[in-house]
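Here's the structure, in structure tokens; my notes come after.
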Amino acid sequence: AKIKEVDFVKSSNRPKDCPKDDRPEFAMLGRSNVGKSSLINFLVRKRDVALTSKKPGKTQLINHFLVNKSWYIVDLPGYGFANAPESARMDWSSFTKGYFMNRESLVSVLLLIDASVPPQKIDLDCANWLGRNNIPMTFVFTKCDKMKGGKGRRPDDNIRDFQELIRQIYWQHPPWIMTSSVTGLGRDELLLHMSQLRNY
Ligand code: GDP
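Using full-length UniProt numbering, read the sequence shown as starting at 101 and increasing by one per residue.
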């Protein structure tokens with residue numbers, strides 16, 4: 101499951117501009133600020149691999165990174181900019197939904213959930229939408245280092261509450277992994293998980 105090399109392949113404006121080969125791919129999705137860029141950089145152990153997609157509100161792009169010349173990590177636009185106008189949100193949904201519905205080489209969506217905050221409606225809605233459309237997903241909880249042992253809500257509480265809410269809307273139990281790009285928690289587990297899904 102080792103990552104030996106990572107190549108940035110392309111940014112696509114539209115789902116139909118994505119690479120046309122059928123190498124398996126994993127799509128990273130989550131609220132803006134969830135820690136998606138940090139997670140990608142930490143997975144591939146390179147700084148700023150995921151910089152290209154950083155600017156909120158900029159042209160929405162689907163970024164393909166080829167790992168070990170054999171599979172893709174795909175960085176999708178973040179959703180839920182707090183102050184985005186309604187039209188931008190609509191853009192996100194038609195744009196990203198177009199990708200999900202037509203991408204046959206998609207192995208699984210890695211849905212990133214910030215474990216340092218209580219469950220957010222927009223994340224639950226997103227999981228619900230993916231579930232209803234039979235798109236396989238893995239919950240990747242981010243920022244699990246935050247508030248450990250401190251006062252107030254802990255990541256474990258937030259994760260437990262999220263899973264409980266998911267159980268009420270969705271009959272499956274997607275696999276889930278706890279990560280922290282600060283401590284390195286979950287890196288090996290996530291890489292192993294992806295390699296198992298690829299060979300399935
Ligand atoms: P993106 O918008 O989803 O790409 O999020 P970023 O990767 O830019 O991260 C957003 C903010 O969360 C930044 O201030 C990061 O330093 C912080 N962050 C990201 N991952 C972690 C993490 O695992 N632990 C902690 N404590 N902070 C994180």
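A virtual CB, placed ideally from N, CA and C, is assigned to each residue, including glycine.
Using the Cβ count rule (16 or more neighbours within 10 Å means buried), how would you classify residue i?
i, result
"Gly130", "buried"
"Met128", "buried"
"Pro255", "buried"
"Thr283", "exposed"
"Met201", "exposed"
"Asp225", "exposed"
"Leu292", "exposed"
"Asp117", "exposed"
"Ser194", "exposed"
"Asp175", "buried"
"Asp107", "exposed"
Please confirm whether any heavy atom of ligand 1 lies closer than 6 Å to the CB of residue i.
i, result
"Gly135", "yes"
"Asp144", "Reading the sequence as shown, one finds Val at residue 144 and not Asp. Because no heavy atom of ligand 1 lies under 6 Å away, the Cβ of Val144 does not count as near it: no."
"Val217", "no"
"Asp245", "yes"
"Ser111", "no"
"Ser138", "yes"
"Lys132", "At residue 132 the sequence reads Ser, which differs from the Lys that was named. Yes, ligand 1 has a heavy atom inside 6 Å of this Cβ."
Looking only at C-alpha atoms, which of the options sits nearest to residue i?
i, options, result
"Tyr270", "Arg232, Leu210, Cys244 and Ile213", "Arg232"
"Ala215", "Asn202, Lys243 and Lys136", "Lys243"
"Leu290", "Asp223, Asn202, Cys226 and Ile173", "Ile173"
"Phe142", "Asn168, Asp288 and Asn299", "Asp288"
"Val109", "Ser132, Ser138, Gly135 and Asn168", "Asn168"
"Lys102", "His164, Cys118, Ser170 and Pro115", "Ser170"
"Ser137", "Arg114, Gln272 and Gly178", "Gly178"
"Lys104", "Val144, Asn133 and Asp245", "Val144"
"Pro219", "Val106, Ser112 and Val134", "Val134"
"Pro274", "Ser281, Asp257 and Phe262", "Phe262"
Per DSSP, residue i forms a beta bridge with which residues?
i, result
"Lys110", "His164"
"Ser208", "Phe126"
"Val174", "Ala127 and His164"
"Met201", "Answer by DSSP bridge pairing: none, since Met201 is not bridged."
"residue 309", "Summary: the structure shown does not reach residue 309, with the chain confined to residues 101 through 300, and so no result is reported for it."
"Thr238", "Leu210"
Sorry if obvious, but does the Cβ on residue i come closer than 6 Å to a heavy atom of ligand 2?
i, result
"Val282", "You won't find ligand 2 in this model; what it holds is ligand 1."
> Counting Cβ pairs closer than 8 Å, one from the stretch 266-282 and one from the stretch 119-128, do we hit at least three?
Replying inline: no
>> Whether or not the stretch 235-245 and the stretch 199-210 are in contact is what I'm after, with contact meaning three or more pairs of Cβ atoms, one per stretch, closer than 8 Å; do they touch?
In response: yes
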